[in-house]
Amino acid sequence: MLSEQTKARFDRELAKYPADQRISAVMACLSIIQQERGWVSPESEREIAEHIGVAPIAVHEVTTFYNMYNQQPVGQFKLNVCTNLPCQLRDGQKALQHLCEKLGVEAGGTTADGLFTVQQCECLGACADAPVMLVNDRQMVSFMSNDKLDQLVDVLKANAK
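If you want it as structure tokens, here you go:
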């Protein structure tokens, strides 16, 4: 169930668009839900659709089109490693493998303690800084050698809630 605070956040996004284009706020509403709940469940999609006044399938289409929306629970720290060709040529796949081995998960998996989810992702637009990765869909880190990956994991563990 949506809190009054969440509804108010949705309404601020809806106010940016004409009444007949309320669907335009769906991406912002999905982001709000993900920030608050960590992922976008089918129930959350229905709540958004109801609040916006659109068919639930319209929200689901957006959720499933963009890979930035978590459609299942993820760890406290989601690590997306770019494995597109430019990053591949500069050890992007090796960076992904190193993280998976260090954390004891397969790509797409979450550690048993719920701290880390490691995923491969599409181009992050920083090819010259490869290998690159995105932490929690917000912070890009570049030139990720094994040492830098190890340091990042250590820092994140130290800052875990």
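Sequential numbering of the sequence shown, starting at 942, is according to this note's numbering. The beta carbon of each residue, even a glycine, is placed where N, CA and C say it ideally should be. For clarity, every value in this text was computed on a predicted model and none was experimentally measured.
May I have the straight-line CA-CA distance separating residue i from residue j, to the nearest angstrom?
| i | j | result |
| --- | --- | --- |
| Gln-1013 | Trp-980 | 6 Å |
| Gln-1038 | Ala-1048 | 8 Å |
| Arg-963 | Leu-955 | 6 Å |
| Glu-945 | Phe-1018 | 27 Å |
| Val-1096 | Leu-1040 | 14 Å |
| Ile-998 | His-992 | 14 Å |
| Asn-1100 | Asp-1054 | 14 Å |
| Met-942 | Thr-1005 | 22 Å |
| Thr-917 | Asp-1091 | Past the boundaries of the shown model lies residue 917; the chain is included only from 942 to 1102, so the question cannot be answered. |
| Gln-1080 | Asp-961 | 34 Å |
| Asp-952 | Asp-1078 | 23 Å |
Please report the Cβ distance between residue i and residue j, rounded to the nearest whole angstrom; I am assuming they are in contact, meaning their Cβ atoms lie under 8 Å.
| i | j | result |
| --- | --- | --- |
| Asn-1021 | Gln-1060 | 5 Å |
| Arg-1031 | Ala-1071 | 4 Å |
| Val-1003 | Met-968 | 6 Å |
| Glu-1063 | Asn-1008 | 7 Å |
| Thr-1024 | Glu-977 | Incorrect: roughly 29 Å between the Cβ atoms, too far for contact. |
Look up residue i in the DSSP assignment and say whether it is helix, strand or coil.
| i | result |
| --- | --- |
| Val-1046 | coil |
| Leu-1030 | coil |
| Thr-1052 | coil |
| Asn-1087 | helix |
| Thr-1024 | coil |
| Gln-1080 | strand |
| Gln-946 | helix |
| Val-1073 | coil |
| Gln-1038 | helix |
Would residue i be called buried (16 or more neighbouring beta carbons within 10 Å of its own) or exposed?
| i | result |
| --- | --- |
| Leu-1026 | exposed |
| Arg-950 | buried |
| Ala-996 | exposed |
| Ala-990 | buried |
(message) To test your reading of the DSSP string, which unbroken alpha helix (DSSP H) runs of 4 or more residues are found completely within the stretch 956-1012?
(response) 967-978, 983-993 and 997-1006
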